[in-house]
């Protein structure tokens with residue numbers, strides 16, 4: 001849900017309102033009681049307090065830690081760039097110290113790229129995270145197309161002799 005909120009640039013109040021509207025049954029009762037208790041002790045209910053309370057109540061710490069670790073260790077490796085990008089985006093919420101900072105997000109994505117793509121993508125420090133992802137996808141596509149062309153040319157340049165025309169004798173000079 002946070003990804004949607006980031007994409008449409010909702011403010012804290014809208015995030016809280018829309019997220020709590022989605023709650024059903026036990027979760028709805030839980031938030032009603034939790035927010036009431038927070039107000040009674042003078043704590044303002046915000047998106048941050050809701051998000052932290054919800055995670056504490058419904059997401060085991062071990063699950064959060066495992067996903068945070070997976071994000072920390074995520075690299076492009078043998079993944080197609082689109083898959084690396086999707087995985088990066090899906091795990092980003094487990095690293096809130098990076099998720100809310102454009103430069104940190106861009107740099108973490110770049111650091112995970114394969115070494116052959118990294119220098120090609122690293123065009124300008126003013127690129128946004130989205131710019132970096134788009135540029136990396138375009139470059140990978142170009143490299144894969146070029147690799148395919150080279151392989152195709154190599155196989156087109158090699159024409160095996162029809163069966164039965166092989167000779168163990170060297171060619172005769174006339």
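In UniProt numbering, the protein residues as written are 1 to 174. Just so you know, even glycine gets a beta-carbon here, dropped at the ideal spot from N, CA and C. Just so you know, these numbers come straight off a predicted model, no measurement behind them.
Note down, in chain order, each residue of its chain lying with its Cβ closer than 8 Å to the Cβ of residue i, except the 5 sequence neighbours on either side.
i	result
residue 192	Outside the shown range of the chain (1 to 174) lies residue 192, about which nothing can therefore be said.
residue 70	91 and 94
residue 57	30 and 34
residue 87	74 and 79
residue 117	76, 81, 136, 139, 140 and 143
From residue i to residue j, what distance separates their C-alpha atoms?
i	j	result
residue 140	residue 42	53 Å
residue 52	residue 17	15 Å
residue 95	residue 153	45 Å
residue 121	residue 110	8 Å
residue 175	residue 8	Here the chain covers residues 1 to 174 and nothing more, so residue 175 does not appear.
residue 177	residue 55	Residue 177 falls outside the range modelled here, since the chain spans only 1 to 174, and no answer is possible.
residue 147	residue 100	37 Å
residue 138	residue 106	16 Å
residue 145	residue 151	10 Å
residue 149	residue 123	25 Å
residue 59	residue 65	10 Å
residue 178	residue 36	Because the chain is modelled from 1 through 174, residue 178 falls outside the range shown and cannot be assessed.
residue 155	residue 22	57 Å
Can you list, in chain order, the residues of its chain with a C-beta nearer than 6 Å to that of residue i? Leave out the 5 residues immediately preceding and following it.
i	result
residue 20	31
residue 115	none
residue 85	133
Among the options, which one has its Cα closest to the Cα of residue i?
i	options	result
residue 47	12, 26 and 112	12
residue 91	24, 146, 78 and 63	63
residue 5	72, 71 and 93	93
residue 77	146, 112, 36 and 151	112
residue 14	75, 1, 26 and 24	1
residue 142	81, 156 and 131	81
Excluding sequence positions up to five away, which residues of its chain have a Cβ less than 7 Å from the Cβ of residue i?
i	result
residue 67	91 and 94
residue 38	45 and 49
Just to check, is the beta-carbon of residue i closer than 7 Å to a non-hydrogen atom of the ligand NAP?
i	result
residue 23	Absence of the ligand NAP is noted for the structure shown, with no ligands found whatsoever.
Along the chain, which unbroken stretches of the alpha helix (DSSP H) at least 4 residues long are found entirely within the stretch 3-89?
12-21, 25-40, 47-58 and 61-73
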